[in-house]
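Sequence order for the protein chains is A and B. One rule links them: number in our numbering = place in the first sequence (from 1) + 93. One rule links them: number in our numbering = place in the second sequence (from 1) + 4. A virtual CB, placed ideally from N, CA and C, is assigned to each residue, including glycine. Model, not experiment: these values are computed from the prediction.
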Amino acid sequence: MASRDPKSQTAEEALRESEYRYRNLFQAMAASFWELDFTPVGGMLRDLRKQGVADFATYFADHPDFVREMMRVTRVVDVNDQTVALFGRGDKAELLRPLDIYWPEESNDVYASSVIAAVTGKPSYASETRLRKLNGEVFDALFTACFAPEAVGAGKLLIGVIDISERVQAHAMLRQVQAEFAHAARVSMLGELTASIAHEVNQPLAAIATNASAGLRWLDRPEPDIAEVRALTKRIIADAERAANIIARVRDMAGHRTPEAAALSLNSVVEEAMLFLAHELQGHSVALTLALQRGLPRVLADRTQLQQVVVNLAVNAIQAMAQTPADARQLVVRTQFEGVVVRLDFEDSGPGIDPEQQARLFESFFTTKSNGMGMGLPICRSIVETYGGAISVRNREQGGACFTVMLPGTA
Amino acid sequence: MISSAPAKADSACVAEDTLISIIDDDDSLRTALVGLVRSLGYRAHGFANAEDFIAADHADRSAAIVTDIQMPGLSGIELKLQLTAQGCVTPVIMITARGEEGLRERAFASGALCVLKKPFPAEALIDCLERALAKEPTLR
Numbered sequence: 094m095a096s097r098d099p100k101s102q103t104a105e106e107a108l109r110e111s112e113y114r115y116r117n118l119f120q121a122m123a124a125s126f127w128e129l130d131f132t133p134v135g136g137m138l139r140d141l142r143k144q145g146v147a148d149f150a151t152y153f154a155d156h157p158d159f160v161r162e163m164m165r166v167t168r169v170v171d172v173n174d175q176t177v178a179l180f181g182r183g184d185k186a187e188l189l190r191p192l193d194i195y196w197p198e199e200s201n202d203v204y205a206s207s208v209i210a211a212v213t214g215k216p217s218y219a220s221e222t223r224l225r226k227l228n229g230e231v232f233d234a235l236f237t238a239c240f241a242p243e244a245v246g247a248g249k250l251l252i253g254v255i256d257i258s259e260r261v262q263a264h265a266m267l268r269q270v271q272a273e274f275a276h277a278a279r280v281s282m283l284g285e286l287t288a289s290i291a292h293e294v295n296q297p298l299a300a301i302a303t304n305a306s307a308g309l310r311w312l313d314r315p316e317p318d319i320a321e322v323r324a325l326t327k328r329i330i331a332d333a334e335r336a337a338n339i340i341a342r343v344r345d346m347a348g349h350r351t352p353e354a355a356a357l358s359l360n361s362v363v364e365e366a367m368l369f370l371a372h373e374l375q376g377h378s379v380a381l382t383l384a385l386q387r388g389l390p391r392v393l394a395d396r397t398q399l400q401q402v403v404v405n406l407a408v409n410a411i412q413a414m415a416q417t418p419a420d421a422r423q424l425v426v427r428t429q430f431e432g433v434v435v436r437l438d439f440e441d442s443g444p445g446i447d448p449e450q451q452a453r454l455f456e457s458f459f460t461t462k463s464n465g466m467g468m469g470l471p472i473c474r475s476i477v478e479t480y481g482g483a484i485s486v487r488n489r490e491q492g493g494a495c496f497t498v499m500l501p502g503t504a
Numbered sequence: 005m006i007s008s009a010p011a012k013a014d015s016a017c018v019a020e021d022t023l024i025s026i027i028d029d030d031d032s033l034r035t036a037l038v039g040l041v042r043s044l045g046y047r048a049h050g051f052a053n054a055e056d057f058i059a060a061d062h063a064d065r066s067a068a069i070v071t072d073i074q075m076p077g078l079s080g081i082e083l084k085l086q087l088t089a090q091g092c093v094t095p096v097i098m099i100t101a102r103g104e105e106g107l108r109e110r111a112f113a114s115g116a117l118c119v120l121k122k123p124f125p126a127e128a129l130i131d132c133l134e135r136a137l138a139k140e141p142t143l144r
């Protein structure tokens, strides 16, 4: 083609060549391409305007039947071989029909948004959605539409569809595997914290047993002291509730449910995590300082998983200070916000981290502990990254290490 | 154990001036222990930590001391060692929620009269108190 003399090209030839290239592209691309005739949709939208409807988005959302009707009057004019392979059953002609059969109800909003993009003069539109094959199977697709002004003016639309079902499935599987790992790590962490948890449960149980015995003694007096017994009984109820709450929180931590992101107060997550840590800190003579900045923006994460990160990093810090003199073991847990980012620091007074190991610390199965599996920090990282955050470590100037979790704050 | 712990309630008037000090950082358990000791007919005073107890100068006035082992600041064992160093012979009953190895031994080595693991039956504590109070006058 490059050898051709441009001067000899007539307008007709140029047009033919352009058409030829377009046909070739249309056929040769690996994606599914469709040419649509949506002329009647233009008429429907003009009528809407005449009726005084200005906000198409709201109207479409309130009138799904209208959206379905727009699909029904949109005809498939041409498709490429990829489309036949992806959507059809070997016969191209079978596919040239109204568009609605390919659009399940659940994807109405994507069709509506693409119409709005077209009429508001956007050059193109793309969205992940679900589309239906002729055999009825619904799959995950990336839908793209191009609104070239001359084509739109002629009532023509070119759309592309890429099958992303494998990618979507792989993502779902990855999320599930991550959740499984996080759960396994949580259970193993709970195992390490058994002594502390037992202590937490034993306190209210001891109080209940003691209060009940005292109550019996007041009742057994020659003149039973009902007021004392009433007060003791109230305390027994409160202690039983306290024990039940502890069990509930341990059960949450041990449980295996699908992680659910919610807007959380990071400070309250840190405070709740102290249930698992208070006696661990005391037992290892670690002085804890909570420096929690008030009024933090909330963070979007799963509560149990975020608690897991807090407990894990605190336990790491406690273990890192095992060789530090008991009166010098200090852990500062700090929260603050920097712009839109909420920051959580764990500053210990241990020996710090060997710079050569620093980079590998978050790798799976890398451990500096004789009894460690090397999964704690990688799982912390995977959890934090799931919620759009980052985790890092540095050595502090005054000695010791500082692990930092950054999470995006919600508005 | 019950047989060795006659109901003190009957002799409340005799015991009323007997003071038992109770040291535990857990508010509800401390309150419960104070209540139990009161139901036995003794006076009881609770402290949230060993430092407060020392500051109140209650050691010599108490007929017995019931203390938790793990507390923020001074531990129950450290408290007993400090009291002994000061020549205070008030019997000390230690309670703990922890079952770690060697803890009982260290507690007894420091001079504890009894070591009870939480949760314990009230009778076990009453039994210890009986022993402490039986012992106390002869040591004074």
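Taking residue 74 (chain B) as the query, report the chain A residues whose CB atoms sit under 9 Å from its CB, ordered along the chain.
-> Stepping through the second sequence from its first residue, residue 74 (chain B) is reached at position 70. Result: 292, 372, 375, 376.
Report the option in A:393, A:234, A:491, A:136 whose CA atom is closest to the CA atom of residue 479 (chain A).
-> Locating residue 479 (chain A) in the first sequence gives position 386, where the first residue counts as 1. Residue 479 (chain A) has its Cα closest to that of A:393, out of A:393, A:234, A:491, A:136.
Could you check how far apart the C-beta atoms of residue 60 (chain B) and residue 22 (chain B) are, in whole angstroms? I think they sit under 8 Å.
-> Here residue 60 (chain B) is taken as the residue at index 56 of the second sequence, counted from 1. Here residue 22 (chain B) is taken as the residue at index 18 of the second sequence, counted from 1. Wrong, their Cβ atoms sit about 17 Å apart, outside the cutoff.
Determine whether the Cβ of residue 91 (chain B) lies closer than 8 Å to any Cβ atom of chain A.
-> The residue given as residue 91 (chain B) occupies position 87 in the second sequence. No, no contact with chain A.
Report, in whole angstroms, the separation of the C-beta atoms of residue 141 (chain A) and residue 252 (chain A), which I expect to be a contact under 8 Å.
-> The residue given as residue 141 (chain A) occupies position 48 in the first sequence. The residue given as residue 252 (chain A) occupies position 159 in the first sequence. The Cβ separation is near 22 Å, so there is no contact.
At a Cβ cut of 8 Å, what residues of the stretch 390–423 of chain A count as close to chain B, listed as they run along the chain?
-> none
Residue nearest to residue 233 (chain A) in terms of C-alpha spacing, selected from A:222, A:242, A:239 | Mapped onto the first sequence, residue 233 (chain A) falls at position 140. Closest by C-alpha distance to residue 233 (chain A), out of A:222, A:242, A:239, is A:222.
Contacts of residue 71 (chain B) in chain A (Cβ-Cβ under 8 Å) = Within the second sequence, the letter at position 67 stands for residue 71 (chain B). Residues of chain A passing the Cβ test: none, with the nearest at roughly 14 Å.
Closest by C-alpha distance to residue 150 (chain A), when choosing among A:254, A:166, A:211, A:501 | Residue 150 (chain A) sits at position 57 when you count from the first residue of the first sequence. Of the candidates A:254, A:166, A:211, A:501, the one whose C-alpha sits nearest the C-alpha of residue 150 (chain A) is A:211.
Start and end residues, alpha helix (DSSP H) containing residue 312 (chain A) | Counting from one through the first sequence, the residue named residue 312 (chain A) turns up at place 219. Per DSSP, residue 312 (chain A) belongs to the alpha helix (DSSP H) from 287–313.
What does residue 325 (chain A) reach in chain B if we use C-beta pairs closer than 7 Å?
-> Residue mapping note: residue 325 (chain A) aligns to position 232 of the first sequence, counting from 1. Chain B residues near residue 325 (chain A): 39.
Inspect the beta-carbon positions of residue 282 (chain A) and residue 405 (chain A) and report whether they are closer than 8 Å.
-> Counting from one through the first sequence, the residue named residue 282 (chain A) turns up at place 189. Counting from one through the first sequence, the residue named residue 405 (chain A) turns up at place 312. The answer is yes: Cβ separation under 8 Å.
Roughly how many angstroms separate the alpha carbons of residue 152 (chain A) and residue 214 (chain A), rounded to a whole number?
-> As a first step, residue 152 (chain A) must be located in the first sequence, where it is residue number 59. As a first step, residue 214 (chain A) must be located in the first sequence, where it is residue number 121. Roughly 19 Å between the two C-alpha positions.
Ends of the beta strand (DSSP E) at residue 50 (chain B)?
-> Position 46 of the second sequence, counted from the start, is the residue given in the question as residue 50 (chain B). Residues 47–51.
Name the two residues that bound the continuous alpha helix (DSSP H) containing residue 339 (chain A).
-> Taking the first residue of the first sequence as position 1, residue 339 (chain A) is located at position 246. Here the alpha helix (DSSP H) through residue 339 (chain A) covers 319–347.
For residue 117 (chain B), decide whether its Cβ has a neighbour in chain A, counting only Cβ atoms nearer than 8 Å.
-> Counting from one through the second sequence, the residue named residue 117 (chain B) turns up at place 113. Not one chain A Cβ lies under 8 Å of residue 117 (chain B).
Using a Cβ-Cβ cut-off of 8 Å, state whether residue 299 (chain A) counts as contacting chain B.
-> Within the first sequence, the letter at position 206 stands for residue 299 (chain A). So yes, residue 299 (chain A) belongs to the interface.
Would you mind reading off the limits of the alpha helix (DSSP H) that contains residue 397 (chain A)?
-> As a working note, residue 397 (chain A) is residue 304 in the first sequence. Judged by DSSP secondary structure, residue 397 (chain A) falls within the alpha helix (DSSP H) whose first and last residues are 396–413.
Boundaries (first-last residue) of the beta strand (DSSP E) holding residue 249 (chain A) | As a first step, residue 249 (chain A) must be located in the first sequence, where it is residue number 156. Run containing residue 249 (chain A): 249–256, per the beta strand (DSSP E) assignment.
Does any residue of chain A bring its CB to less than 8 Å from the CB of residue 36 (chain B)?
-> Residue mapping note: residue 36 (chain B) aligns to position 32 of the second sequence, counting from 1. True, the Cβ-Cβ gap to chain A drops below 8 Å.
In whole angstroms, what is the alpha-carbon distance linking residue 246 (chain A) and residue 263 (chain A)?
-> Start at 1 with the first residue of the first sequence, and residue 246 (chain A) comes out as number 153. Start at 1 with the first residue of the first sequence, and residue 263 (chain A) comes out as number 170. Going from the Cα of residue 246 (chain A) to the Cα of residue 263 (chain A) covers about 40 Å.
At a Cβ threshold of 8 Å, is residue 122 (chain B) touching chain A?
-> As a first step, residue 122 (chain B) must be located in the second sequence, where it is residue number 118. Chain A contact via Cβ: present.
Helix, strand or coil for residue 373 (chain A) per DSSP?
-> Within the first sequence, residue 373 (chain A) is the residue found at index 280, counting from 1. Here residue 373 (chain A) sits in helix by DSSP.
Express the C-alpha separation of residue 309 (chain A) and residue 127 (chain B) in angstroms, rounding to a whole number.
-> Start at 1 with the first residue of the second sequence, and residue 127 (chain B) comes out as number 123. Start at 1 with the first residue of the first sequence, and residue 309 (chain A) comes out as number 216. Rounded to the nearest angstrom, the two C-alpha atoms are 12 Å apart.
Quick one: list the residues of chain A neighbouring residue 25 (chain B), beta-carbon separation under 7 Å, in chain order.
-> Taking the second sequence and counting its residues from 1, the one referred to as residue 25 (chain B) is at position 21. Near residue 25 (chain B) there are no residues of chain A at all, since even the closest Cβ is about 16 Å away, more than 7 Å.
Through-space distance from residue 76 (chain B) to residue 24 (chain B), alpha-carbon basis | Residue 24 (chain B) sits at position 20 when you count from the first residue of the second sequence. Residue 76 (chain B) sits at position 72 when you count from the first residue of the second sequence. Taking the straight line joining both Cα atoms gives about 21 Å.
Using a Cβ cut-off of 8 Å (strictly closer), state whether residue 304 (chain A) contacts chain B.
-> For this step, residue 304 (chain A) is matched to residue 211 along the first sequence. Residue 304 (chain A) counts as touching chain B.
Which one of A:366, A:180, A:192 has the shortest CA to CA distance from residue 161 (chain A)?
-> Against the first sequence, residue 161 (chain A) aligns to sequence position 68. Nearest option by C-alpha distance: A:192.
Take the Cβ of residue 306 (chain A) as the centre, count every other Cβ of all protein chains shown within 10 Å, and call the residue buried at 16 or more, exposed below.
-> Along the first sequence, one-based indexing puts residue 306 (chain A) at 213. Classification of residue 306 (chain A): buried, given that the 10 Å Cβ count is 16 or more.
Between the C-alpha atoms of residue 399 (chain A) and residue 364 (chain A), what's the straight-line distance to the nearest angstrom?
-> Here residue 399 (chain A) refers to the residue found at position 306 of the first sequence. Here residue 364 (chain A) refers to the residue found at position 271 of the first sequence. Whole-angstrom Cα-Cα distance: 12 Å.
Do residue 520 (chain A) and residue 166 (chain A) have their C-beta atoms within less than 8 Å of each other?
-> Any property of residue 520 (chain A) remains undetermined from this structure, which presents chain A solely from 94 to 504.
Taking all protein chains shown into account, decide if residue 375 (chain A) is buried (16 or more other Cβ within 10 angstroms of its Cβ) or exposed.
-> What you label residue 375 (chain A) is simply residue 282 of the first sequence in a count that begins at 1. Under this definition residue 375 (chain A) is a buried residue.
Nearest CA to the CA of residue 178 (chain A): which residue from A:137, A:273, A:124?
-> Taking the first residue of the first sequence as position 1, residue 178 (chain A) is located at position 85. Closest option to residue 178 (chain A), Cα to Cα, is A:124.
Exposed or buried, which one is residue 401 (chain A) when buried takes at least 16 other CB atoms within 10 Å?
-> Locating residue 401 (chain A) in the first sequence gives position 308, where the first residue counts as 1. So residue 401 (chain A) ends up on the buried side.
Count the other C-beta atoms from every protein chain shown that fall within 10 angstroms of the C-beta of residue 297 (chain A), then say buried if there are 16 or more, exposed otherwise.
-> The residue given as residue 297 (chain A) occupies position 204 in the first sequence. When all chains shown are included, residue 297 (chain A) counts as buried.
Contact check, residue 366 (chain A) vs residue 403 (chain A) under 8 Å by CB: the rounded distance?
-> Sequence index remark: in the first sequence, residue 366 (chain A) carries index 273 (1-based). Sequence index remark: in the first sequence, residue 403 (chain A) carries index 310 (1-based). That pair is a contact at about 4 Å.
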